[in-house]
Each structure stands twice: as C-alpha cells, then as structure tokens.
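Q:
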Amino acid sequence: MLLLVAILWGSSYVFAKLTIQAGMHSGVINACRGTMCVIAGYIIFYKQINKMTWLDFKLGVLMGTINFLGYFLQTDALRYTTPAKNAFLTTLYVAIAPLILWLFWHERPQRKTYFAVALAIIGMAVITNVANTELQLNFGDFLTVVSAIFWTLQLIFFGKYAPKVSSPWVVIFMIGLCQGTFGWITTGLFERTNLTQIHWVQALIPLAILAIVVTFLAQGMQITAQQYTDATSAGLLLMLESFFASTMSVIMGYDPLTPQLIWGGLILLLANAIMQINFQDVPFLRKQH
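In structure tokens, the structure reads:
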C-alpha cells in the first residue's frame, strides 16, 4: 500500500507544476487543496467525522500543522534553491527518523538500517544529479532541511498515533482543515496581490487531483499502512516518490530518460529490499550465528 502511496505522491509533482504554471503560489495551493479535501472528506465520511473524539481532534490538529509547515517550507525553499537539491535534502527525513526514534522513544535501529538509509541517500543523489550541482548550502537549503524535520515528525506520528484514532479519514479531514485554514491565512497576508493573476480554469483540474487523489486518498492510505510497519521502512518506501516523480515526468514529456534515473531507481529499490528482508531467515546467513 505504501508503494501505491509513493506512486501517487510522485505523480503530484506534475500536477503541482501545472498549478504553479497557472499562476498559483504555495499558500493558495495549500488553501484550495485543503478546502477541497475537507469538502470531499465530509461528503464521503460524514458519519465517522460527526463521531470525532477529542483525541481525534488533537491528533488531527497536530498532524495537520506539521503537514502544512513541511509542505509550505519545502515549496517556499524552491525560490532560493534548485529542485534537485530540494528533493535530495528532503530525503534526509529517512536518516533523521531513526535518530529521533532512538533519542526520544529509545528504539534502537537494526544494523541493516544504517546501510539501507545510506544506500537510499546515494540513490537519491544519483536521481537528482546533485553531485554535478553546487553543494554550497544557501537559505533555501536551510528551509528544505527544516521541512525534512517536519516530514520526519509526520512519518513518526502517523506510525505511533494512527492506531489510536477512531478512523484515519477523520485525521485526514483535520489535516485538510489545517491546510485550508493556514493556507488562507498565508494567502491573505502574503499573496493577495497574486490572486488576480491566477488562471483558475487552468488550475482547477490539477488542483482537484492534488486535493482529492493525492492529499486525501494517499495520506489516508499512508496512515492505514503505517500501522503495519516501522517508520524507517515506511520512509524508505516513500523515498521511491522521487523515482516515480521522475518517471512520470519522463512519461509526460517534461524530462528525458536518463541513466541517472535508471541507476538511482535501482539503488532505491535495493535499499528497500534490504529493509524488507529478514536476514536471520536466510539459510546461509543463519548458519553463521
């Protein structure tokens, strides 16, 4: 299920590009997709939402705030840095997650985790071709690293607290509500002059796909799936988002098929395979213990 989530998130880059080409900024994108997510969520799951508990509300606000800050900072960072560096630095959340789990939840990572995480970061470096760009850190890179911390917290909280809520769709409704609320506040404060320059008809379809398919459906599936796996394994699977984003970009004709995409994708798949295999069950390795 997380693999499907990675595919959906990967496709979101193309639709986000279309909304930006229509003249939208990150604040109004968040505002509109959050509002659409709330409307669609309530129409479909109004019975569960009407039975929302106080715990559902608190966790929903917490996760919604984290999600908004992660997405807003990551998007705003693109004004100061390159997409390749932005994508590469965002994947640091996979390396940060085991560290935070160890420090605050005392969950020591398995030995194979270190190798798999390092391999995954190498794979991302190959896909984004970040080695051939300037590696000097700027303000945009700083914003991206901060956003990666928020993505780490979302990954951990989804896994830790999702089983405690009455329904994952209630949490997604609250995430959409936070996205919409904070998005409209941001739009009102910083993006009002831009509203008249937006081509709303051109933006409507990709925006609806971002809101309903990517935000609502994908995050609901992520919360459900993370009840059955650990945060590091989930993070490595979700790192395939970049591979699928590049693949979708090739299919849509935005980018050419490159050796970096092929080799980087294979390295990411290998890193995920390492995390999914229990090496104690491999016969020739078991005999050595």
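Read left to right, the sequence shown gives residues 1220 to 1508 (my numbering).
Idealized CB from N, CA, C, for every residue including glycine.
Taking the alpha helix (DSSP H) that residue 1286 falls in, what are its first and last residues?
A: Element bounds for residue 1286: 1273-1296.
Q: By the three-class DSSP mapping on this structure, what secondary structure does residue 1360 have?
A: Three-state DSSP puts residue 1360 in a helix.
Q: For residue 1252, is the classification buried or exposed, using 16 other Cβ atoms within 10 angstroms of its Cβ as the cut-off for buried?
A: Looking at its Cβ environment, which holds 16 or more other Cβ atoms inside 10 Å, residue 1252 is buried.
Q: According to DSSP, simplified to helix, strand and coil, what is residue 1304?
A: Of the three classes helix, strand and coil, the one that applies to residue 1304 here is helix, per DSSP.
Q: Of all the CB atoms in chain D, is at least one closer than 8 Å to the CB of residue 1304?
A: You won't find chain D in this structure, because it holds only one protein chain.
Q: Figure out for me which residue from 1233, 1446, 1357 and 1238 has the closest Cα to the Cα of residue 1414.
A: Taking only the C-alpha atoms, the option nearest residue 1414 is 1238.
Q: To the nearest angstrom, how far is it from the Cα of residue 1435 to the Cα of residue 1424?
A: Roughly 15 Å between the two C-alpha positions.
Q: Run the CB neighbour count on residue 1287, radius 10 Å, all protein chains shown included, and call it buried at 16 or more, exposed below.
A: By the neighbour-count rule (16 or more Cβ atoms within 10 Å), residue 1287 is buried.
Q: Mind checking whether residue 1440 and residue 1222 have CB atoms under 8 Å apart?
A: Not a contact, by the Cβ cut-off of 8 Å.
Q: Quick one: grab the DSSP three-state call for residue 1475.
A: Note: residue 1475 maps to coil in three-state DSSP.
Q: If you draw a straight line from the alpha carbon of residue 1386 to that of residue 1429, how long is it in whole angstroms?
A: Distance between the alpha carbons of residue 1386 and residue 1429 is about 22 Å.
Q: With H, G and I counted as helix, E and B as strand and the rest as coil, what does DSSP make of residue 1328?
A: In this structure, residue 1328 counts as coil in the three-state DSSP scheme.
Q: Enumerate in chain order the residues of its own chain whose CB-to-CB distance from residue 1271 is below 6 Å, with the five nearest sequence positions on each side excluded.
A: Here the set comprises 1389.
Q: Give me the Cα-Cα distance between residue 1422 and residue 1247, rounded to the nearest whole angstrom.
A: Spanning the two alpha carbons is a distance of roughly 11 Å.
Q: By a C-beta neighbour count over all protein chains shown, 10 Å radius and 16 as the cutoff for buried, is residue 1370 buried or exposed?
A: With 16 or more Cβ atoms within 10 Å of its Cβ, residue 1370 is classed as buried.
Q: Who are the near neighbours of residue 1241 in its chain, counting only those whose CB is closer than 7 Å to its CB and skipping five residues on each side?
A: Same-chain partners within the cutoff: 1417, 1418, 1421 and 1422.
Q: DSSP three-state label for residue 1254, please.
A: Helix.
Q: Could you give the C-beta distance for residue 1469 and residue 1476, rounded to a whole number, given that I count them as a contact under 8 Å?
A: Going by Cβ atoms, the distance from residue 1469 to residue 1476 rounds to 5 Å, so yes, they are a contact pair.
Q: Look at the alpha carbon of residue 1496 and the alpha carbon of residue 1488, and state the distance between them as a whole number of angstroms.
A: C-alpha separation (whole angstroms): 12 Å.
Q: Based on Cα-Cα distance, which residue from 1363, 1383, 1296 and 1404 lies nearest to residue 1308?
A: Selected option, being the one with the closest Cα: 1363.
Q: Report yes if the C-beta distance between residue 1438 and residue 1368 is below 8 Å; otherwise report no.
A: No, the pair does not count as a contact, with Cβ atoms beyond the cut-off.
Q: So, are the CB atoms of residue 1431 and residue 1256 less than 8 Å apart?
A: Their beta carbons are under 8 Å apart, which means residue 1431 touches residue 1256 by this criterion.
Q: Mapping DSSP to helix, strand and coil, what is residue 1384?
A: In the structure shown, residue 1384 sits in coil (DSSP, three-state: anything other than H, G, I, E or B).
Q: Please state the DSSP three-state secondary structure of residue 1407.
A: Helix.
Q: Residue 1507 to residue 1453, Cα distance in whole Å?
A: Unreliable positioning characterises residue 1507 in this predicted model, as indicated by a pLDDT of 49, which lies under 50. The coordinate reading is nonetheless provided below. Rounded to whole angstroms, residue 1507 to residue 1453 spans 29 Å at the Cα level.
Q: Quick one: using the 10 Å Cβ neighbour count with 16 as the cut-off for buried, is residue 1298 buried or exposed?
A: By the neighbour-count rule (16 or more Cβ atoms within 10 Å), residue 1298 is not buried but exposed.
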